[in-house]
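In full-length UniProt numbering, the protein residues as written are 1 to 297. Single-structure report; data block below.
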């Protein structure tokens, strides 16, 4: 068996005789200890303080998009002609979705894209540039190295370490986790809001002296529920990154990442609600491609 010992936030593992380093995912990722069977409501450390509730914030729709088909032989792995046509089909679909109105028993949602984020890898950059040419009013962000391709941890099941380098996995896991923490979270940090409110009350008390008593809240009738605001963000990156984002956002075991498959220019939509709920609205969607244009590589 593998014996693990935590040193700060890092998991240190040592393999018993006869076992290989790749048989324990925690040898390759210091984020493995974060997965448990029970849902952690404060997964992004932005939930309200204990006992408080808040519905402040927008519903974030994170559209993670895999790049188009690329040249496996070329040094920079740039898009093939088919990859460019796939990207154009994807762009046309995104335009069409924005022009429409999603409406059902749960309400109406008008799609408006707030930006296009992109990996700094050429095939992702080329895909994003094609999308941007169809969506010229949507800001195209600076290339993001954190969103580059990588391997988050040793997948399970696996029978050998072929294709995996321990040092690379250790570095990739940290970078991919950093990408998740930077981009996948609630719209509002409720802890900061509560802290700001407490500081305001403290300042008021200091100004008015020891006799200051916070005003009692009057019972007010429940306001009519408002339609929540939805924001849609486009992230053009890579399949392993998308796999990891899904596993991490849904708090599922990270070593299962390779069980997910997605074709070129597929759309994966992760939705983060103000109260911290997370749902997967679609995965690997290539409905914009005719069957003869769908490729994995």
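In this text, a Cβ means the ideal position worked out from N, Cα and C, and glycines have one as well.
Relative to residue 240, the option among 195, 296, 227, 116 whose CA is nearest is 296. By the CB criterion at 9 angstroms, residue 68 and residue 126 fall inside the cutoff. The beta carbon of residue 40 sits closer than 7 angstroms to those of 251, all from its chain and outside the five residues before and after it, given in chain order. By the CB criterion at 9 angstroms, residue 58 and residue 292 fall outside the cutoff. Taking C-alpha positions only, residue 66 is separated from residue 263 by approximately 8 angstroms. When C-alpha distances from residue 38 are compared across 288, 260, 180, 253, the shortest belongs to 253.
Ranked by Cα distance from residue 227, the first of 109, 78, 169 is 109. Under a 10 Å Cβ-count criterion, residue 45 is classified as exposed, with fewer than 16 other Cβ atoms of the shown protein chains found around its own Cβ.
Fully enclosed alpha helix (DSSP H) runs of no fewer than 4 residues occupy 81-99 of the stretch 37-110, in order along the chain. About 22 angstroms separates the beta carbons of residue 174 and residue 272, which is beyond the 8 angstroms limit, so they are not a contact pair. In this model, residue 164 and residue 158 are separated by some 11 angstroms (Cα to Cα). Around the beta-carbon of residue 50, fewer than 16 other beta-carbon atoms lie within 10 Å, marking it exposed.
In the structure shown, the three-state DSSP call for residue 291 is helix. DSSP places residue 284 within a strand segment (E or B) once states are collapsed to three. When the five nearest sequence neighbours on each side are left out, the beta carbons in the same chain lying within less than 7 angstroms of the beta carbon of residue 72 are those of 297, in order along the chain. Taken atom to atom, the span from the alpha-carbon of residue 64 to that of residue 196 is near 33 angstroms. For residue 132, DSSP assigns no beta-bridge partner whatsoever. DSSP places residue 190 within a helical segment (H, G or I) once states are collapsed to three. By alpha-carbon distance to residue 123, the top candidate from 84, 134, 97 is 84. Within the DSSP secondary-structure output, residue 147 pairs in no beta bridge. With respect to residue 128, residue 146 sits apart: the two C-beta atoms are not nearer than 9 angstroms. Residue 233 is bridged by DSSP to 62, 115. Ranked by how close their Cα comes to the Cα of residue 238, the residues 60, 144, 111 have 144 in first place. In the displayed model, residue 227 falls within coil according to three-state DSSP, outside both helix and strand. Setting aside the 5 residues that flank it on each side, residue 178 is surrounded in the same chain by 146, each with a C-beta closer than 7 angstroms to its C-beta; the list follows chain order.
Contact annotation: residue 258 and residue 155 have beta-carbon atoms nearer than 9 angstroms. The Cβ-Cβ distance between residue 47 and residue 275 falls below 9 angstroms. The continuous alpha helix (DSSP H) containing residue 174 extends over residues 166-183. Exposure of residue 55 is indicated by the presence of fewer than 16 other C-beta atoms within 10 angstroms of its C-beta.
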